[in-house]
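Residue numbers (this note's numbering): 1 to 405.
Set out below in C-alpha coordinates:
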(Lines of atoms letter the chains of each structure in order from A and count residues from 1; the text may use other names and numbers.)
(Lines give C-alpha, C1' and ligand atoms only; values in the text may rest on other atoms or scores of the structure.)
Protein backbone atom coordinates (compact mmCIF):
# COMPACT_ATOMS: atom_id res chain seq x y z
CA UNK A 1 0.00 0.00 0.00
CA UNK A 2 2.85 2.38 0.85
CA UNK A 3 4.53 1.67 -2.49
CA UNK A 4 1.29 2.38 -4.35
CA UNK A 5 0.79 5.66 -2.47
CA UNK A 6 4.36 6.67 -3.25
CA UNK A 7 3.90 6.02 -6.97
CA UNK A 8 0.61 7.90 -7.02
CA UNK A 9 2.34 10.83 -5.31
CA UNK A 10 5.15 10.81 -7.90
CA UNK A 11 2.60 10.64 -10.69
CA UNK A 12 0.66 13.62 -9.32
CA UNK A 13 3.89 15.58 -8.88
CA UNK A 14 4.82 14.99 -12.52
CA UNK A 15 1.36 16.06 -13.66
CA UNK A 16 1.58 19.19 -11.52
CA UNK A 17 5.06 19.92 -12.83
CA UNK A 18 3.83 19.42 -16.37
CA UNK A 19 0.93 21.79 -15.83
CA UNK A 20 3.32 24.36 -14.35
CA UNK A 21 5.63 24.14 -17.35
CA UNK A 22 2.71 24.43 -19.75
CA UNK A 23 1.46 27.56 -18.00
CA UNK A 24 4.92 29.03 -17.94
CA UNK A 25 5.47 28.18 -21.59
CA UNK A 26 2.12 29.69 -22.50
CA UNK A 27 3.02 32.90 -20.68
CA UNK A 28 6.50 32.98 -22.18
CA UNK A 29 5.41 32.10 -25.72
CA UNK A 30 2.25 34.18 -25.75
CA UNK A 31 3.64 36.70 -28.22
CA UNK A 32 6.53 34.77 -29.68
CA UNK A 33 5.12 31.28 -30.18
CA UNK A 34 4.70 31.85 -33.89
CA UNK A 35 8.26 33.12 -34.17
CA UNK A 36 9.64 29.96 -32.47
CA UNK A 37 7.47 27.72 -34.60
CA UNK A 38 8.53 29.52 -37.76
CA UNK A 39 12.20 29.18 -36.77
CA UNK A 40 11.92 25.39 -36.52
CA UNK A 41 9.88 25.18 -39.71
CA UNK A 42 12.37 27.42 -41.45
CA UNK A 43 15.23 25.17 -40.30
CA UNK A 44 13.43 22.05 -41.57
CA UNK A 45 12.60 23.64 -44.92
CA UNK A 46 16.13 24.88 -45.46
CA UNK A 47 17.51 21.41 -44.69
CA UNK A 48 14.93 19.86 -47.01
CA UNK A 49 15.98 22.18 -49.84
CA UNK A 50 19.63 21.25 -49.28
CA UNK A 51 18.79 17.55 -49.52
CA UNK A 52 16.73 18.14 -52.65
CA UNK A 53 19.64 19.99 -54.30
CA UNK A 54 21.97 17.12 -53.44
CA UNK A 55 19.60 14.51 -54.89
CA UNK A 56 19.04 16.47 -58.12
CA UNK A 57 22.76 17.07 -58.53
CA UNK A 58 22.50 20.86 -58.24
CA UNK A 59 25.27 20.84 -55.66
CA UNK A 60 27.98 18.36 -54.72
CA UNK A 61 28.31 16.57 -51.42
CA UNK A 62 30.94 18.97 -50.08
CA UNK A 63 28.65 21.95 -50.73
CA UNK A 64 25.73 20.08 -49.11
CA UNK A 65 27.83 19.41 -45.99
CA UNK A 66 28.90 23.06 -45.81
CA UNK A 67 25.35 24.40 -46.14
CA UNK A 68 23.87 21.85 -43.73
CA UNK A 69 26.75 22.43 -41.37
CA UNK A 70 26.01 26.15 -41.19
CA UNK A 71 22.41 25.36 -40.22
CA UNK A 72 23.46 22.84 -37.57
CA UNK A 73 26.15 25.22 -36.34
CA UNK A 74 23.53 27.78 -35.29
CA UNK A 75 21.73 25.18 -33.18
CA UNK A 76 24.63 23.32 -31.60
CA UNK A 77 27.87 25.32 -31.74
CA UNK A 78 28.48 28.68 -30.02
CA UNK A 79 29.87 31.34 -32.34
CA UNK A 80 29.59 35.05 -33.02
CA UNK A 81 26.58 34.55 -35.31
CA UNK A 82 24.40 33.16 -32.50
CA UNK A 83 25.96 35.23 -29.72
CA UNK A 84 27.71 32.13 -28.37
CA UNK A 85 24.29 30.80 -27.40
CA UNK A 86 23.38 27.66 -29.42
CA UNK A 87 19.69 27.73 -30.31
CA UNK A 88 19.09 24.22 -28.97
CA UNK A 89 20.20 25.34 -25.49
CA UNK A 90 18.20 28.53 -25.26
CA UNK A 91 15.40 28.80 -22.72
CA UNK A 92 12.55 28.51 -25.19
CA UNK A 93 14.06 25.49 -26.92
CA UNK A 94 14.64 23.79 -23.58
CA UNK A 95 11.04 24.39 -22.56
CA UNK A 96 9.84 22.82 -25.78
CA UNK A 97 12.04 19.77 -25.08
CA UNK A 98 10.56 19.50 -21.57
CA UNK A 99 7.01 19.67 -22.88
CA UNK A 100 7.68 17.04 -25.55
CA UNK A 101 9.27 14.63 -23.07
CA UNK A 102 6.38 15.12 -20.65
CA UNK A 103 3.89 14.46 -23.42
CA UNK A 104 5.67 11.22 -24.33
CA UNK A 105 5.72 10.08 -20.68
CA UNK A 106 2.06 10.92 -20.14
CA UNK A 107 1.03 9.17 -23.37
CA UNK A 108 2.90 5.94 -22.63
CA UNK A 109 1.92 5.79 -18.95
CA UNK A 110 -1.68 6.69 -19.80
CA UNK A 111 -1.91 3.71 -22.15
CA UNK A 112 -0.50 1.38 -19.49
CA UNK A 113 -3.08 2.56 -16.95
CA UNK A 114 -5.75 2.15 -19.64
CA UNK A 115 -4.80 -1.54 -19.92
CA UNK A 116 -4.54 -2.08 -16.15
CA UNK A 117 -5.96 0.87 -14.15
CA UNK A 118 -4.23 -0.36 -10.99
CA UNK A 119 -2.20 -3.30 -9.71
CA UNK A 120 -5.15 -4.75 -7.80
CA UNK A 121 -7.24 -4.74 -10.96
CA UNK A 122 -4.36 -6.33 -12.87
CA UNK A 123 -4.02 -9.12 -10.29
CA UNK A 124 -7.78 -9.73 -10.19
CA UNK A 125 -8.07 -9.91 -13.99
CA UNK A 126 -5.07 -12.23 -14.37
CA UNK A 127 -6.32 -14.55 -11.60
CA UNK A 128 -9.80 -14.89 -13.13
CA UNK A 129 -8.42 -15.47 -16.61
CA UNK A 130 -5.93 -18.06 -15.37
CA UNK A 131 -8.67 -20.27 -13.94
CA UNK A 132 -10.46 -20.22 -17.32
CA UNK A 133 -7.26 -21.13 -19.17
CA UNK A 134 -6.41 -23.96 -16.75
CA UNK A 135 -9.86 -25.51 -17.04
CA UNK A 136 -9.96 -25.08 -20.81
CA UNK A 137 -6.77 -27.14 -21.16
CA UNK A 138 -8.07 -29.74 -18.72
CA UNK A 139 -11.33 -30.06 -20.64
CA UNK A 140 -9.40 -30.43 -23.89
CA UNK A 141 -7.56 -33.34 -22.26
CA UNK A 142 -10.76 -35.02 -21.01
CA UNK A 143 -10.25 -33.96 -17.40
CA UNK A 144 -12.79 -32.43 -15.05
CA UNK A 145 -12.49 -28.72 -14.25
CA UNK A 146 -10.82 -27.51 -11.07
CA UNK A 147 -12.75 -25.38 -8.61
CA UNK A 148 -11.23 -22.61 -6.54
CA UNK A 149 -10.90 -23.51 -2.88
CA UNK A 150 -10.60 -20.67 -0.32
CA UNK A 151 -8.17 -22.68 1.86
CA UNK A 152 -5.86 -23.23 -1.11
CA UNK A 153 -6.23 -19.58 -2.18
CA UNK A 154 -5.23 -18.47 1.31
CA UNK A 155 -2.21 -20.79 1.17
CA UNK A 156 -1.17 -19.49 -2.28
CA UNK A 157 -1.45 -15.90 -1.10
CA UNK A 158 0.59 -16.62 2.03
CA UNK A 159 3.31 -18.31 -0.04
CA UNK A 160 3.46 -15.36 -2.48
CA UNK A 161 3.70 -12.87 0.39
CA UNK A 162 6.45 -14.93 2.02
CA UNK A 163 8.53 -14.98 -1.17
CA UNK A 164 8.28 -11.22 -1.52
CA UNK A 165 8.98 -10.61 2.17
CA UNK A 166 12.00 -12.96 2.29
CA UNK A 167 13.30 -12.29 -1.23
CA UNK A 168 13.32 -15.80 -2.72
CA UNK A 169 11.76 -17.69 -5.63
CA UNK A 170 11.56 -21.41 -4.90
CA UNK A 171 9.18 -24.19 -3.86
CA UNK A 172 10.95 -24.60 -0.53
CA UNK A 173 11.32 -21.59 1.75
CA UNK A 174 14.58 -20.54 3.42
CA UNK A 175 13.27 -22.22 6.58
CA UNK A 176 12.65 -25.50 4.71
CA UNK A 177 8.88 -25.04 4.56
CA UNK A 178 7.33 -27.17 1.83
CA UNK A 179 4.61 -25.95 -0.57
CA UNK A 180 1.83 -27.99 1.08
CA UNK A 181 2.86 -26.85 4.54
CA UNK A 182 1.10 -23.59 3.74
CA UNK A 183 -2.24 -25.45 3.49
CA UNK A 184 -4.26 -25.87 6.67
CA UNK A 185 -4.74 -29.64 6.62
CA UNK A 186 -7.52 -29.51 9.20
CA UNK A 187 -9.52 -27.23 6.90
CA UNK A 188 -8.52 -29.06 3.72
CA UNK A 189 -7.43 -32.70 4.31
CA UNK A 190 -5.44 -33.11 1.09
CA UNK A 191 -4.13 -36.39 -0.24
CA UNK A 192 -2.19 -34.89 -3.18
CA UNK A 193 -0.68 -31.42 -3.57
CA UNK A 194 1.43 -29.52 -6.07
CA UNK A 195 2.61 -26.01 -6.85
CA UNK A 196 3.46 -23.89 -9.91
CA UNK A 197 5.44 -20.65 -9.50
CA UNK A 198 6.13 -17.86 -12.00
CA UNK A 199 7.45 -14.30 -11.98
CA UNK A 200 7.95 -11.47 -14.45
CA UNK A 201 4.77 -11.83 -16.52
CA UNK A 202 2.35 -9.26 -17.84
CA UNK A 203 -0.85 -11.20 -18.59
CA UNK A 204 -2.66 -14.46 -17.83
CA UNK A 205 -2.19 -15.70 -21.39
CA UNK A 206 1.56 -15.11 -21.27
CA UNK A 207 2.22 -16.87 -17.97
CA UNK A 208 -0.12 -19.80 -18.71
CA UNK A 209 1.55 -20.34 -22.10
CA UNK A 210 4.95 -20.35 -20.37
CA UNK A 211 3.79 -22.91 -17.78
CA UNK A 212 2.30 -25.19 -20.43
CA UNK A 213 5.64 -25.22 -22.29
CA UNK A 214 7.28 -26.83 -19.25
CA UNK A 215 6.62 -30.60 -18.90
CA UNK A 216 6.57 -30.56 -15.09
CA UNK A 217 4.29 -27.52 -14.84
CA UNK A 218 2.02 -28.87 -17.56
CA UNK A 219 1.80 -32.14 -15.59
CA UNK A 220 0.56 -30.20 -12.57
CA UNK A 221 -2.07 -28.38 -14.58
CA UNK A 222 -3.30 -31.63 -16.19
CA UNK A 223 -3.00 -33.86 -13.10
CA UNK A 224 -6.11 -36.03 -12.68
CA UNK A 225 -5.49 -36.34 -8.92
CA UNK A 226 -6.22 -32.66 -8.33
CA UNK A 227 -9.73 -31.42 -7.66
CA UNK A 228 -9.14 -27.87 -6.44
CA UNK A 229 -6.80 -24.95 -6.99
CA UNK A 230 -5.82 -21.76 -5.19
CA UNK A 231 -4.44 -18.83 -7.20
CA UNK A 232 -2.56 -15.74 -6.03
CA UNK A 233 -1.05 -12.93 -8.13
CA UNK A 234 0.94 -10.18 -6.38
CA UNK A 235 3.24 -7.36 -7.42
CA UNK A 236 6.39 -6.55 -5.50
CA UNK A 237 10.17 -6.81 -5.61
CA UNK A 238 12.54 -9.77 -5.76
CA UNK A 239 16.28 -9.09 -5.83
CA UNK A 240 15.46 -5.36 -5.84
CA UNK A 241 13.65 -5.71 -9.17
CA UNK A 242 9.92 -4.89 -9.47
CA UNK A 243 8.03 -7.93 -10.67
CA UNK A 244 4.75 -9.82 -10.66
CA UNK A 245 4.53 -13.20 -8.92
CA UNK A 246 2.11 -16.11 -9.41
CA UNK A 247 1.43 -19.04 -7.08
CA UNK A 248 -0.81 -21.89 -8.26
CA UNK A 249 -1.57 -24.30 -5.41
CA UNK A 250 -3.16 -27.58 -6.58
CA UNK A 251 -4.61 -30.27 -4.30
CA UNK A 252 -6.86 -33.29 -4.09
CA UNK A 253 -8.80 -33.96 -0.89
CA UNK A 254 -8.88 -37.22 1.06
CA UNK A 255 -11.69 -39.57 0.18
CA UNK A 256 -13.97 -40.13 3.18
CA UNK A 257 -15.50 -43.62 3.38
CA UNK A 258 -19.32 -43.51 3.29
CA UNK A 259 -21.29 -44.60 6.36
CA UNK A 260 -22.95 -48.02 6.27
CA UNK A 261 -26.66 -48.08 5.56
CA UNK A 262 -29.20 -50.65 6.71
CA UNK A 263 -29.00 -52.44 3.38
CA UNK A 264 -25.23 -52.74 3.63
CA UNK A 265 -25.14 -54.87 6.76
CA UNK A 266 -26.27 -55.24 10.33
CA UNK A 267 -26.33 -52.07 12.36
CA UNK A 268 -23.57 -51.95 14.99
CA UNK A 269 -24.70 -52.36 18.56
CA UNK A 270 -23.93 -49.45 20.79
CA UNK A 271 -22.98 -49.47 24.47
CA UNK A 272 -22.75 -53.24 24.68
CA UNK A 273 -20.09 -54.83 26.81
CA UNK A 274 -17.97 -57.03 24.58
CA UNK A 275 -17.52 -60.66 25.55
CA UNK A 276 -13.84 -61.29 26.25
CA UNK A 277 -12.73 -64.86 26.04
CA UNK A 278 -9.79 -65.88 28.22
CA UNK A 279 -6.61 -66.36 26.28
CA UNK A 280 -4.26 -69.11 27.32
CA UNK A 281 -1.01 -67.81 28.71
CA UNK A 282 1.09 -69.57 26.14
CA UNK A 283 -0.70 -67.65 23.34
CA UNK A 284 -0.66 -64.14 24.82
CA UNK A 285 2.39 -63.33 22.68
CA UNK A 286 1.89 -64.18 19.00
CA UNK A 287 4.70 -65.85 17.09
CA UNK A 288 7.17 -63.65 15.23
CA UNK A 289 5.71 -64.63 11.88
CA UNK A 290 2.19 -63.60 12.90
CA UNK A 291 3.44 -60.26 14.32
CA UNK A 292 5.29 -59.49 11.07
CA UNK A 293 2.16 -60.20 9.02
CA UNK A 294 0.10 -57.90 11.27
CA UNK A 295 2.61 -55.03 10.99
CA UNK A 296 2.91 -55.46 7.21
CA UNK A 297 -0.86 -55.43 6.78
CA UNK A 298 -1.19 -52.32 8.97
CA UNK A 299 1.55 -50.50 7.02
CA UNK A 300 -0.05 -51.28 3.67
CA UNK A 301 -3.45 -50.14 4.90
CA UNK A 302 -1.97 -46.86 6.21
CA UNK A 303 -0.15 -46.29 2.94
CA UNK A 304 -3.39 -46.77 1.02
CA UNK A 305 -5.15 -44.21 3.18
CA UNK A 306 -2.41 -41.58 3.18
CA UNK A 307 0.91 -41.60 1.30
CA UNK A 308 4.05 -40.46 3.06
CA UNK A 309 4.16 -37.33 0.87
CA UNK A 310 1.45 -35.53 -1.14
CA UNK A 311 4.03 -34.97 -3.90
CA UNK A 312 6.88 -37.49 -3.86
CA UNK A 313 8.22 -36.30 -7.21
CA UNK A 314 8.71 -32.74 -5.95
CA UNK A 315 10.35 -33.92 -2.72
CA UNK A 316 12.87 -35.92 -4.73
CA UNK A 317 13.87 -32.79 -6.67
CA UNK A 318 14.70 -30.27 -3.98
CA UNK A 319 17.13 -28.26 -6.12
CA UNK A 320 14.95 -27.41 -9.09
CA UNK A 321 16.40 -24.71 -11.32
CA UNK A 322 14.53 -21.66 -12.56
CA UNK A 323 13.54 -21.85 -16.23
CA UNK A 324 13.18 -18.79 -18.47
CA UNK A 325 10.53 -18.94 -21.17
CA UNK A 326 10.02 -16.71 -24.21
CA UNK A 327 6.41 -16.56 -25.38
CA UNK A 328 4.37 -14.62 -27.95
CA UNK A 329 2.67 -11.71 -26.21
CA UNK A 330 -0.91 -10.63 -26.86
CA UNK A 331 -1.63 -7.52 -28.91
CA UNK A 332 -2.21 -5.11 -26.02
CA UNK A 333 0.96 -6.09 -24.21
CA UNK A 334 3.01 -6.07 -27.42
CA UNK A 335 1.87 -2.52 -28.17
CA UNK A 336 2.66 -1.45 -24.60
CA UNK A 337 6.10 -3.01 -24.87
CA UNK A 338 6.79 -1.16 -28.13
CA UNK A 339 5.67 2.16 -26.66
CA UNK A 340 7.90 1.68 -23.62
CA UNK A 341 10.88 0.64 -25.75
CA UNK A 342 10.46 3.56 -28.16
CA UNK A 343 10.07 6.04 -25.32
CA UNK A 344 13.25 4.75 -23.63
CA UNK A 345 15.10 5.03 -26.93
CA UNK A 346 13.78 8.56 -27.41
CA UNK A 347 14.85 9.65 -23.91
CA UNK A 348 18.28 8.04 -24.30
CA UNK A 349 18.98 9.69 -27.64
CA UNK A 350 17.72 13.05 -26.37
CA UNK A 351 19.91 12.78 -23.26
CA UNK A 352 22.98 11.98 -25.36
CA UNK A 353 22.19 14.89 -27.67
CA UNK A 354 21.74 17.33 -24.78
CA UNK A 355 24.95 16.22 -23.06
CA UNK A 356 26.95 16.52 -26.29
CA UNK A 357 25.45 19.96 -27.01
CA UNK A 358 26.31 21.12 -23.48
CA UNK A 359 29.92 19.87 -23.72
CA UNK A 360 30.34 21.56 -27.10
CA UNK A 361 28.91 24.78 -25.66
CA UNK A 362 31.38 24.67 -22.75
CA UNK A 363 34.58 23.65 -24.52
CA UNK A 364 34.40 25.19 -28.03
CA UNK A 365 34.90 28.70 -26.65
CA UNK A 366 35.85 27.99 -23.07
CA UNK A 367 36.67 31.63 -22.47
CA UNK A 368 33.10 32.73 -23.30
CA UNK A 369 30.48 31.12 -21.07
CA UNK A 370 26.84 31.91 -20.34
CA UNK A 371 26.13 30.42 -16.95
CA UNK A 372 22.29 30.54 -17.22
CA UNK A 373 22.45 28.36 -20.34
CA UNK A 374 24.69 25.80 -18.62
CA UNK A 375 22.50 25.67 -15.50
CA UNK A 376 19.26 25.44 -17.52
CA UNK A 377 20.64 22.67 -19.71
CA UNK A 378 21.83 20.69 -16.70
CA UNK A 379 18.36 20.95 -15.16
CA UNK A 380 16.74 19.72 -18.36
CA UNK A 381 19.21 16.81 -18.55
CA UNK A 382 18.31 15.84 -14.98
CA UNK A 383 14.61 16.18 -15.78
CA UNK A 384 14.80 13.90 -18.84
CA UNK A 385 16.95 11.40 -16.92
CA UNK A 386 14.29 11.39 -14.19
CA UNK A 387 11.53 10.65 -16.68
CA UNK A 388 13.63 7.80 -18.07
CA UNK A 389 14.23 6.24 -14.65
CA UNK A 390 10.79 6.74 -13.06
CA UNK A 391 8.51 3.69 -13.28
CA UNK A 392 4.90 4.63 -12.65
CA UNK A 393 3.34 1.33 -13.74
CA UNK A 394 4.30 -2.29 -13.02
CA UNK A 395 4.30 -3.13 -16.75
CA UNK A 396 7.30 -0.85 -17.25
CA UNK A 397 9.46 -3.36 -15.37
CA UNK A 398 8.37 -6.85 -16.43
CA UNK A 399 9.03 -7.29 -20.11
CA UNK A 400 11.92 -9.74 -19.67
CA UNK A 401 11.64 -13.51 -20.00
CA UNK A 402 9.04 -15.18 -17.79
CA UNK A 403 10.72 -17.19 -15.02
CA UNK A 404 9.04 -20.39 -13.75
CA UNK A 405 9.91 -23.10 -11.25
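The beta carbon of each residue, even a glycine, is placed where N, CA and C say it ideally should be.
In this text, all values refer to a predicted model and were calculated from it rather than measured experimentally.
- Secondary-structure assignment with DSSP links residue 148 through a beta bridge to 229.
- Taking 8 Å as the cut-off, the Cβ atoms of residue 351 and residue 384 count as close.
- Within 10 angstroms of the beta-carbon of residue 247 lie 16 or more other beta-carbons, which makes it buried.
- Counting along the chain, the unbroken beta strand (DSSP E) around residue 324 starts and ends at 323-325.
- Secondary structure of residue 220 (DSSP, three-state): helix.
- Just so you know, the alpha carbons of residue 164 and residue 90 end up roughly 47 Å apart.
- Excluding sequence positions up to five before and after residue 213, its CB lies within less than 6 Å of the CB of 325, all in the same chain and listed in chain order.
- Counting C-beta atoms within 10 angstroms of its own C-beta, residue 241 has fewer than 16 neighbours from the protein chains shown and is therefore classed as exposed.
- In the structure shown, residue 360 falls within a helical segment according to DSSP collapsed to helix, strand and coil.
- With a threshold of 16 other beta carbon atoms within 10 Å, residue 371 falls short and is exposed.
- In this structure residue 77 is not in contact with residue 167, their Cβ atoms being roughly 51 Å apart against a cut-off of 8 Å.
- The three-state secondary structure of residue 213, taken from DSSP, is helix.
- The three-state reading of DSSP puts residue 205 in helix, counting H, G and I together.
- Counting other Cβ atoms within 10 Å of its Cβ, residue 114 stays below 16 and is therefore classed as exposed.
- In the displayed model, residue 244 falls within a strand according to three-state DSSP.
- DSSP, reduced to helix, strand and coil, places residue 114 within a helical segment of the structure shown.
- The DSSP assignment places complete alpha helix (DSSP H) segments of no fewer than 4 residues inside the stretch 127-196 at 150-166, in order along the chain.
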